[in-house]
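Since the structure comes first, as structure tokens, the remarks are kept for the end.
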Amino acid sequence: IFGKGLDQLWPEFTAYLKEKFSPKLQEISQHGIKEGEKITHHGYGTGSPQVLADGTLFYIRSDGKERASIMMLPFGKEEAKEICETNPLARIDIHQAAGVLLTQLEVFGNTEYHYDLYQVDVKSGHKHRLTQGGRYPFASWSPDAQQIAAFHIERGVYSLHLLNSKGKYLETLWTATEGESVAGLDW
88 IFGKGLDQLW PEFTAYLKEK FSPKLQEISQ HGIKEGEKIT HHGYGTGSPQ VLADGTLFYI
148 RSDGKERASI MMLPFGKEEA KEICETNPLA RIDIHQAAGV LLTQLEVFGN TEYHYDLYQV
208 DVKSGHKHRL TQGGRYPFAS WSPDAQQIAA FHIERGVYSL HLLNSKGKYL ETLWTATEGE
268 SVAGLDW
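Okay, so the sequence shown: first residue is 88 according to the numbering used here, each after it adds one.
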């Protein structure tokens, strides 16, 4: 395409990158390079992180050593506390007053797996099931926790449902066209 071999193109490409990005790299270096800090200590299997305004971190521990669990790490603390057990493919959303909104796979009709919604009390770890066979792989509390936005999937097609805080269907807000996919949800 360029009429040049890699031995000639590579030095030209390197020079181009230096020219283009040197000012930004110098700016970063002047302000000091900051490295990430390890927050959790459960191997590679931590997911669905959510943080409250006070800095408290909630996440799913799924490291293969212990049963998957919802974990809570208060800001400034070293040790996370287990809230309750779940399954490795679970996802969470957190609200200061309403607690954890959990989506997890459940056996339905003896042969199928569907995601259902649970409300989890942070203090007791009690899970209250909101849906039965709901097919909701992603969900999020409204800012006032009076409603839930949840992606529903049936026959490979996603729809965005509005539910009340108890998991009761209110209306369909959007339906994907066949082949469209979603990867998450936040209110």
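Where a beta carbon is used, it is the ideal one built from N, C-alpha and C, also for glycine.
Q) What are the start and end residues of the alpha helix (DSSP H) that includes Ser109? A) The sequence position of residue 109 within the sequence shown is 22, counting from 1. Going by DSSP, Ser109 is part of the alpha helix (DSSP H) stretching over 93–118.
**Q.** Best match in Tyr200, Glu99, His213, Lys210 for proximity to Glu241 [C-alpha to C-alpha]
**A.** Looking up residue 241 in the sequence shown gives position 154. Glu241 has its Cα closest to that of Tyr200, out of Tyr200, Glu99, His213, Lys210.
Q.
Short of 7 angstroms in beta carbon distance, which residues of its chain neighbour Asp59, apart from the five on each side in sequence? Order them along the chain.
A. With the chain covering 88 to 274 only, the question about residue 59 has no answer from this structure.
Q) Excluding the five sequence neighbours on either side, which residues of its own chain have a C-beta within less than 6 angstroms of the C-beta of Arg154, listed in chain order? A) Position 67 of the sequence shown holds residue 154. So the qualifying residues of the chain are Glu172.
Q: Output yes if chain B places a C-beta closer than 9 angstroms to the C-beta of Glu166; else output no.
A: The chain labelled as chain B is not found in the depicted structure, where only one protein chain is given.
(Q) I'd like to know whether the C-beta atoms of Thr293 and Ser246 end up nearer to each other than 9 angstroms. (A) This structure does not reach residue 293, given that the chain is present from 88 up to 274, and the question cannot be answered.
Q. Out of Ile235, Thr259, Gly243, which has the shortest C-alpha to C-alpha gap to Asn251?
A. As a working note, residue 251 is residue 164 in the sequence shown. Taking each of Ile235, Thr259, Gly243 in turn and checking the Cα distance to Asn251, the smallest one comes out for Ile235.
**Q.** Through-space distance from His128 to Lys221, alpha-carbon basis
**A.** The residue given as residue 221 occupies position 134 in the sequence shown. The residue given as residue 128 occupies position 41 in the sequence shown. Looking at the sequence provided, one finds Gly at residue 221 rather than Lys. Rounded to the nearest angstrom, the gap between the Cα atoms of Gly221 and His128 is 33 angstroms.
Q | Expected contact under 8 angstroms - CB spacing of Tyr202 and Leu188 to nearest Å | A | Numbered from its first residue, the sequence shown carries residue 202 at position 115. Numbered from its first residue, the sequence shown carries residue 188 at position 101. About 12 angstroms separates the two Cβ atoms, so there is no contact after all.
**Q.** Val269 - DSSP class collapsed to helix/strand/coil
**A.** In the sequence shown, residue 269 corresponds to position 182, counting from 1. Coil.
Q: Assign Gln183 to buried or exposed, taking buried as 16 or more other Cβ atoms, counted over all protein chains shown, within 10 Å of its Cβ.
A: Indexing the sequence shown from 1 puts residue 183 at position 96. Counting Cβ neighbours within 10 Å, Gln183 comes out exposed, since fewer than 16 surround it.
Q | For Pro161, the nearest candidate out of Lys152, Ser116, Gln117, Pro136 (CA to CA) | A | By 1-based counting over the sequence shown, the position of residue 161 is 74. It is Pro136.
Q. Using a Cβ-Cβ cut-off of 8 angstroms (strictly less than) and excluding sequence neighbours within five positions of Phe238, which residues of its own chain qualify?
A. Start at 1 with the first residue of the sequence shown, and residue 238 comes out as number 151. Here the set comprises Tyr223, Pro224, Phe225, Ala226, Tyr245, Ser246, Leu247, His248, Val269, Leu272.
Q.
Using 9 angstroms as the threshold, is the C-beta distance between Ile147 and Ala177 below it?
A. By one-based count along the sequence shown, residue 147 stands at place 60. By one-based count along the sequence shown, residue 177 stands at place 90. The answer is yes: Cβ separation under 9 angstroms.
Q.
So if DSSP puts Asn251 in a beta bridge, which residue, or which two residues, is it bridged to?
A. The residue labelled residue 251 in the question sits at position 164 within the sequence shown. Per DSSP, the beta bridge partners of Asn251 are Gln234.
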